[in-house]
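This note's numbering puts the first residue of the sequence shown at 59, with every later residue one more than the last.
Okay, structure first, notes after.
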Amino acid sequence: MLPPYRVFRLPASTAPARFVFDKSAGSLPIDLEPYYGWWLISGRTKAVLEWLDPEAFVFVQCTVRVPHGSYDGPDYWLCDVVRVLDALDEAQSRLTIRTEDDPRSLKFGKKVYLTMLGSKLVFTEAAVGKTIFRMAHSEADVVCDQDMKDACKSAGLMHSQCRPY
59 MLPPYRVFRL
69 PASTAPARFV
79 FDKSAGSLPI
89 DLEPYYGWWL
99 ISGRTKAVLE
109 WLDPEAFVFV
119 QCTVRVPHGS
129 YDGPDYWLCD
139 VVRVLDALDE
149 AQSRLTIRTE
159 DDPRSLKFGK
169 KVYLTMLGSK
179 LVFTEAAVGK
189 TIFRMAHSEA
199 DVVCDQDMKD
209 ACKSAGLMHS
219 QCRPY
């Protein structure tokens with residue numbers, strides 16, 4: 059299942075996603091795996107995210123198969139962080155801010171943030187109290203607070219991909 063062209067957020071009405079887990083093709087997914095700008099998460103990850111900040115996410119259940127026999131493992135879900143905040147204090151932050159000049163880009167003519175090694179992000183009061191969000195002008199970047207990081211660590215989740223701010 060690939061995201062449709064021009065669709066970056068996961069619609070809640072999406073039909074269950076179908077996955078084949080084949081251990082012979084590599085390791086099986088763990089609690090949180092990046093998947094085309096979304097996450098493939100385990101049921102226990104979903105429970106932690108719903109407990110922390112239920113309005114920040116959309117979940118679509120996955121139907122899992124294996125090549126031989128029947129799947130007897132944990133439930134998996136596609137997850138999308140749907141909260142987007144324009145909460146970056148540009149004056150206090152250190153990053154590249156530019157206008158997209160490639161006419162082939164869906165962001166053509168719009169402001170974009172480019173974060174890289176050495177970037178420093180400072181957020182405004184709009185981010186206070188929000189456990190997790192995507193950054194406006196850089197929606198590929200997901201930012202979470204220390205509470206989220208601590209909850210994922212306490213639950214023993216593998217590959218929690220958030221960076222605290």
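Every residue, glycine too, gets a C-beta built ideally from N, C-alpha and C.
Item	Value
Contact check, residue 135 vs residue 168, beta carbons under 8 Å	no
Nearest residue (CA-CA) to residue 174, options 164, 198, 187, 183	198
Beta-carbon contacts of residue 195 that lie in its chain and below 7 Å, excluding the five residues immediately before and after	169, 170, 171
Proximity of residue 86 and residue 97 at Cβ, strictly below 8 Å	no
Outcome for residue 205 when other beta-carbon atoms lying within 10 angstroms are tallied against a minimum of 16	exposed
Reduced DSSP category for residue 213 - H, G, I as helix; E, B as strand; rest coil	coil
Rounded straight-line distance, which links the Cα of residue 68 to that of residue 157	26 Å
Span of the alpha helix (DSSP H), counted from its first residue to its last, around residue 106	101-110
Same chain, Cβ closer than 8 Å to residue 120, neighbours up to 5 away in sequence not counted	74, 75, 76, 77, 98, 133, 134, 135, 136
Whole runs of the beta strand (DSSP E) within the segment 141-200, excluding any shorter than 3 residues	154-157, 169-172, 190-193
Stretch pair the segment 144-158 + the segment 174-184: three plus CB contacts closer than 8 Å	yes
Residues near residue 79 by beta carbon distance below 8 Å, same chain, minus five either side	86, 87, 122, 123, 124, 129, 131
Span of the beta strand (DSSP E), counted from its first residue to its last, around residue 68	Taken as a continuous stretch (DSSP letters only), residue 68 belongs to no beta strand (DSSP E), as it is neither H nor E.
Alpha-carbon to alpha-carbon, residue 93 and residue 211	21 Å
CB contact flag (residue 118, residue 191, <8 Å)	no
Alpha carbon of residue 218 to alpha carbon of residue 208, nearest angstrom	With a pLDDT of 46 at residue 218, under the threshold of 50, the predicted position of this residue should be treated as unreliable, and no value is reported.
CB-CB length for residue 184 against residue 145, believed under 8 Å	4 Å
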